[in-house]
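Enquirer: Residues 2 to 326 (this note's numbering) are what the sequence shown spells out, left to right. Positions of the beta carbon are idealized from the N, C-alpha and C atoms, including for glycine. Computed from a prediction, not measured in an experiment: that's the story for all the values here.
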Amino acid sequence: MKATAKAPANIAFIKYWGKADDTLRLPLNDSISMNMSGAYTITTVEFSKQFKKDSVTLVGGEFSEEETARVIKGLDLIRKRAGSTQKATVVTKNTFPKGAGSAASASGFAALTVAGFAALGVTLSEKELTIFARMGSGSACRSIPDGFVVWEKGDSSKTSFAWSLYPPTHWDIRDILVIVDSRMKKVSTTEGMETVATSPRLAVRLRAIPRRMKEIQQAIATKNFSRFGEITEEDCLGMHMVMQTQTPPLFYWNSTTQTIMEAVRDWRKHGLPVYFTIDAGPNVHLLCEGIDEERVLAAVKTIGGVEATIVNKPAIGTRIISEHL
Ligand code: 2P0
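(1) Is methionine 262 helix, strand or coil when you go by DSSP?
(2) For threonine 42, list the residues DSSP reports as bridge partners.
(3) Which of helix, strand or coil does DSSP assign to lysine 3?
(4) Can you tell me whether arginine 213 is buried or exposed? The criterion is at least 16 other CB atoms within 10 Å of its CB, across all chains shown.
(5) Taking 6 Å as the line, does the beta carbon of alanine 281 fall inside it for any heavy atom of the ligand 2P0?
(6) Write down the C-beta distance between alanine 112 and lysine 3 rounded to the nearest angstrom, noting that I regard them as a contact closer than 8 Å.
(7) What would DSSP say about alanine 21, mapped onto helix, strand or coil?
(8) Taking the runs of the alpha helix (DSSP H) that are 4 residues or longer, which of them lie wholly in the region 71–158?
(9) Could you tell me the alpha carbon to alpha carbon distance between threonine 257 and tryptophan 268, rounded to whole angstroms?
(10) Are there three or more Cβ pairs, one per stretch, closer than 8 Å when the region 162–180 is compared with the region 142–149?
(11) Beta carbon of isoleucine 322, beta carbon of threonine 44: below 7 Å?
(12) Go through the region 185–221 residue by residue and report every complete run of the alpha helix (DSSP H) that reaches 4 residues or more, in order.
(13) Please classify alanine 13 as buried or exposed, where buried requires at least 16 other C-beta atoms within 10 Å of its C-beta.
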């Protein structure tokens, strides 16, 4: 049996950095995100008794041995839950550069989980799907529910899951992803998180998270854009401060990243309400309200070193679609 799923990438406003359990991928902190309408993964999974081994193909690219092994591990979890021993063929395609800090593993494991269970004819609740996606890649759990999504850290596999706070129609905001380097990053997020406990800033950030989670949910509820932007920047900088003070330190920014961060402050000073957030890579996500999209895009055009921009609105979560890859 065969099924295809389309999963959005997601951008976190309060970010996930550090695990309490490496195997189950239980995070050290709660996080909150928005699904991205312009950056997604489409994955077809087919199971058959005829297949002698699992095969994993990335359209327009190549998976490393490590990445292939991680997908097969994901398939093993799906097979175990579904009570199947059939091997699978997986074909997957991204609309955005892999490994560029734009959450390819989040949309990838969300699509794999939803397509995989559907291909085996097993119906799970959304909550359980988020738990299985989380075990593939933590942030993948946030790409399954619709719109604005909370991932509760929980304290066990059953209590660490994601749910939709609001549908995408709740708030007309934009995440303009500014790509300044589309190459694969040198240190993966999984590897980068392994040394999180070496940062003296970790405890400081973890103490601040409950307040930030509460305040950002209030800001989203009341559509208070400036408060929303301030908290998002605060947590982005807090996470990067942890990364940069780990041993060995992780610097994901490049000079264009820094130029854009400074420009954002300047644009705000001149009356353009725009905020930034940055994941584990040099690319910058510019957050603005829908009404300011054109002004922000025009401002970005004045910056050198930009490879591309992807405009994202809040999007629905992962869905089964009819056409197969
Ligand atoms: C996030 N990141 O919340 C943060 C911001 C990167 C920076 O979630 O090891 O690829 O697969 O569980 O999910 C990236 O972490 O890590 C991530 P694994 P994942 O979006």
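Expert: This is what the structure gives:
(1) helix
(2) Ala8 and Asn95
(3) strand
(4) buried
(5) yes
(6) At roughly 14 Å, the Cβ-Cβ gap does not stay under 8 Å, so alanine 112 and lysine 3 are not in contact.
(7) strand
(8) 105–120 and 127–137
(9) 16 Å
(10) yes
(11) no
(12) 190–195
(13) buried
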